[in-house]
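Read through the structure below, which is laid out as structure tokens, and then see the notes.
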Amino acid sequence: MSLDSAPPALDGLTLSDAAVPELQFSQRVQIKSILGRPDKGAGLAGQKVRIGGWVKTGREADKGAFAFLEVNDGSCPGNLQVLVKAHVYKLSDVVSTGSCVHLEGLLKSPPEGSKQSIELDVERVIDVGTVDAAKYPLPKTKLTLEFLRDVVHLRPRTNTISAVARIRNALAYATHTFFQKHGFLYVHTPIITTSDCEGAGEMFQVTTLINDAEKFKLGGGGIPKKADGKIDYTDDFFARQAFLTVSGQLQVETYACALSSVYTFGPTFRAENSHTSRHLSEFWMVEPEIAFADIQDDMNCAEAYVKFLCQWLLDNCYDDMEFMTRYDKTALQRLEMVAKSTFHRITYTEAVAILEEAAKVRKFENKVEWGIDLASEHERYLTEERFKSPVIVYNYPKAIKAFYMKVNDDNKTVAAMDVLVPKVGELIGGSQREENHEVLKERILEMGLPIEPYQWYLDLRSYGTVKHSGFGLGFERMILFATGLDNIRDVIPFPRYPGRADL
Numbered sequence: 000m001s002l003d004s005a006p007p008a009l010d011g012l013t014l015s016d017a018a019v020p021e022l023q024f025s026q027r028v029q030i031k032s033i034l035g036r037p038d039k040g041a042g043l044a045g046q047k048v049r050i051g052g053w054v055k056t057g058r059e060a061d062k063g064a065f066a067f068l069e070v071n072d073g074s075c076p077g078n079l080q081v082l083v084k085a086h087v088y089k090l091s092d093v094v095s096t097g098s099c100v101h102l103e104g105l106l107k108s109p110p111e112g113s114k115q116s117i118e119l120d121v122e123r124v125i126d127v128g129t130v131d132a133a134k135y136p137l138p139k140t141k142l143t144l145e146f147l148r149d150v151v152h153l154r155p156r157t158n159t160i161s162a163v164a165r166i167r168n169a170l171a172y173a174t175h176t177f178f179q180k181h182g183f184l185y186v187h188t189p190i191i192t193t194s195d196c197e198g199a200g201e202m203f204q205v206t207t208l209i210n211d212a213e214k215f216k217l218g219g220g221g222i223p224k225k226a227d228g229k230i231d232y233t234d235d236f237f238a239r240q241a242f243l244t245v246s247g248q249l250q251v252e253t254y255a256c257a258l259s260s261v262y263t264f265g266p267t268f269r270a271e272n273s274h275t276s277r278h279l280s281e282f283w284m285v286e287p288e289i290a291f292a293d294i295q296d297d298m299n300c301a302e303a304y305v306k307f308l309c310q311w312l313l314d315n316c317y318d319d320m321e322f323m324t325r326y327d328k329t330a331l332q333r334l335e336m337v338a339k340s341t342f343h344r345i346t347y348t349e350a351v352a353i354l355e356e357a358a359k360v361r362k363f364e365n366k367v368e369w370g371i372d373l374a375s376e377h378e379r380y381l382t383e384e385r386f387k388s389p390v391i392v393y394n395y396p397k398a399i400k401a402f403y404m405k406v407n408d409d410n411k412t413v414a415a416m417d418v419l420v421p422k423v424g425e426l427i428g429g430s431q432r433e434e435n436h437e438v439l440k441e442r443i444l445e446m447g448l449p450i451e452p453y454q455w456y457l458d459l460r461s462y463g464t465v466k467h468s469g470f471g472l473g474f475e476r477m478i479l480f481a482t483g484l485d486n487i488r489d490v491i492p493f494p495r496y497p498g499r500a501d502l
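Read in order, the letters of the sequence shown are residues 0 to 502 in numbering that gives the first Met the number 0.
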């Protein structure tokens with residue numbers, strides 16, 4: 000909408016004069032600013048406002064004399080009841096679920112006995128985006144989350160996905176608030192990388208050679224290869240193999256070794272052919288890195304961060320969290336428990352001993368013995384049954400952990416830690432990083448990795464090496480934990496997984 004076509008000021012009253020705060024860059028007030036008041040808007044009766052949103056439900060009444068609409072603009076889970084009279088606008092154009100309406104009117108107290116605290120009596124319909132009700136994919140009937148994954152472009156209009164979006168937004172805001180408050184600098188790490196942080200090899204490759212090969216086909220050419228038959232990347236876009244990042248950790252360490260306390264927060268990618276409810280091919284990670292910090296400092300930071308996130312949702316997103324109790328009755332209770340709990344800390348060896356004892360009276364699907372990577376069922380047993388609170392497990396066997404983790408004096412374990420929480424199991428993985436050049440180089444070789452791609456990483460240990468630690472929090476797992484939903488595909492706006500990359 001151009002400035003010339005913007006709606007005029009309300010008759011006798013500009014929005015800036017109204018008790019309800021207007022949006023600076025939109026010709027409307029937020030429904031949240033009406034319904035989010037302690038009196039749920041009752042005290043605003045008599046105020047003239049302009050709102051915009053989408054019709055959740057609509058019905059004509061009194062033989063077509065007027066219609067009641069439930070309108071939501073995404074600012075809160077609640078809908079504003081709207082009354083439109085037939086002489087104001089054609090009712091059939093505004094009652095369909097999914098219609099977009101831009102309305103101006105007077106806030107009024109509803110009739111006695113109504114469940115509503117306030118309603119809008121429409122005086123002018125500024126604009127309508129109509130919907131063909133027969134074709135609209137989101138009818139008023141209850142829709143499964145599985146169905147909504149097939150209409151990913153429309154699912155934000157549903158109550159559940161919009162609530163998840165607001166919770167996700169709140170957690171992102173809280174993340175930046177926490178780290179900025181504690182003196183961390185936000186660093187943007189690259190999406191395209193030539194380093195494999197985990198050494199797992201499950202990476203998406205970035206190349207233009209395939210495109211070039213198509214061009215060369217007519218001339219009998221193809222993807223260039225070396226004498227030994229391996230692909231020659233000299234003519235590739237970056238003149239070497241490049242991938243989508245699996246973690247920003249290694250890169251953000253370079254800034255920690257200069258700016259002390261830093262963090263990165265962005266998308267990461269794994270080419271795992273996993274079809275589980277806990278895996279995505281594209282997901283977001285929060286990765287702080289702290290100079291002059293050991294594993295104890297790392298655990299302290301991780302615990303404080305998770306507690307902060309939980310309390311933030313309780314303080315700033317309570318209505319949405321209350322809505323999510325429809326899926327998980329314990330969602331709010333779980334947040335309150337974590338926000339107030341002291342996280343139990345046990346070594347990996349102690350955790351295995353607890354699990355071995357438990358295995359005598361219960362059955363685990365995965366064998367319990369020293370040296371295994373704890374399975375989700377083990378993590379959930381520790382948090383949900385044994386301790387009934389979050390647990391931090393530390394000092395893992397070095398054979399199952401990454402090359403960059405500091406080797407302990409026993410030469411069998413590394414200073415690694417995982418934060419385990421009820422509902423999802425592992426939420427955070429972290430470690431003290433190996434700061435000794437020779438030990439780190441030896442670990443790289445032990446893992447069967449080439450030295451050359453990690454030479455820059457070794458340089459950090461050659462020039463002013465510093466003790467430092469960090470961790471990674473899987474952002475979608477945090478949302479799963481908070482909302483109580485069961486499938487990670489429902490807590491990210493555009494889920495990517497094997498066979499699916501819609502939009």
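Beta carbons are placed, not taken as given, at the ideal position from N, Cα and C, and that holds for glycine.
Here the structure is a predicted model, which means the values were calculated and not measured.
- Between the C-alpha atoms of Lys180 and Tyr304 there is a straight-line separation of about 11 Å.
- Counted as a single uninterrupted DSSP element, the stretch harbouring Asn299 is not any beta strand (DSSP E) but the alpha helix (DSSP H) occupying residues 294 to 315.
- Going by C-alpha positions, Thr140 is about 40 Å away from Gly471.
- Per DSSP, the beta-bridge partners of Asp417 are Val392, Gly428.
- Following the DSSP letters along the chain, one finds Asn78 in no alpha helix (DSSP H), marked with neither H nor E.
- Proximity of the stretch 267 to 281 to the stretch 365 to 374 falls short of the contact definition, fewer than three beta-carbon pairs being nearer than 8 Å.
- In the three-state DSSP reduction, Ile191 falls in the strand class (E or B).
- In the structure shown, the three-state DSSP call for Gln204 is strand.
- Relative to Phe67, the option among Gly73, Gln80, Lys114 whose CA is nearest is Gln80.
- Just so you know, the alpha carbons of Pro223 and Gln204 end up roughly 16 Å apart.
- Per DSSP, reduced to three states, the secondary structure at Leu105 is strand.
- Under the Cβ criterion (8 Å, minimum of three pairs), the stretch 421 to 439 counts as touching the stretch 284 to 302.
- Between Pro287 and Tyr254, the C-beta spacing is not below 8 Å.
- The beta carbon of Ala18 is closer than 7 Å to those of Leu43, Gln46 in its chain, skipping five residues each way along the sequence.
- In the three-state DSSP reduction, Met446 falls in the coil class, being neither helix nor strand.
- Here the alpha carbon of Ile117 sits roughly 9 Å from the alpha carbon of Pro110.
- DSSP places Lys84 within a strand segment (E or B) once states are collapsed to three.
- CA-to-CA, the gap between Lys400 and Cys309 works out to about 28 Å.
- By the Cβ rule, the stretch 22 to 29 does not count as touching the stretch 87 to 100, because fewer than three pairs are nearer than 8 Å.
- Across the structure, Lys422 and Ser388 are spaced so that their CA atoms are roughly 11 Å apart.
- Contact check for Glu69 against Val54 passes: the beta carbons are separated by less than 8 Å.
- The C-beta separation of Tyr395 from Val367 comes to about 15 Å, leaving the pair out of contact by the 8 Å criterion.
- The alpha helix (DSSP H) runs lying completely inside the stretch 324 to 380 and spanning 4 residues or more are 330 to 339, 347 to 357, 375 to 379, given in chain order.
- Taking all protein chains shown into account, Thr329 has fewer than 16 neighbouring C-beta atoms within 10 Å of its C-beta and is therefore exposed.
- With a 10 Å radius around the Cβ and a threshold of 16 neighbouring Cβ atoms, Ala292 comes out buried.
- Between Lys114 and Ile33, the alpha-carbon positions lie close to 16 Å from each other.
- The C-alpha of Arg36 is placed about 21 Å away from the C-alpha of Leu331.
- CA-CA distance, Gly40 to Gly265, rounds to 38 Å.
- Between the alpha carbons of Thr143 and Phe307 lies a gap of roughly 32 Å.
- Counting along the chain, Arg385 sits inside no beta strand (DSSP E), nor does DSSP assign it H or E at all.
- Shown here, Thr267 sits in a strand according to DSSP, grouped into three states.
- Setting aside the 5 residues that flank it on each side, His278 is surrounded in the same chain by Arg269, Glu271, Ile487, Tyr496, each with a C-beta closer than 8 Å to its C-beta; the list follows chain order.
- By the Cβ-count criterion, Asn71 is buried, with 16 or more other Cβ atoms from all chains shown falling within 10 Å of its own Cβ.
- Straight-line spacing of the CA atoms in Leu448 and Ile294 works out to 25 Å.
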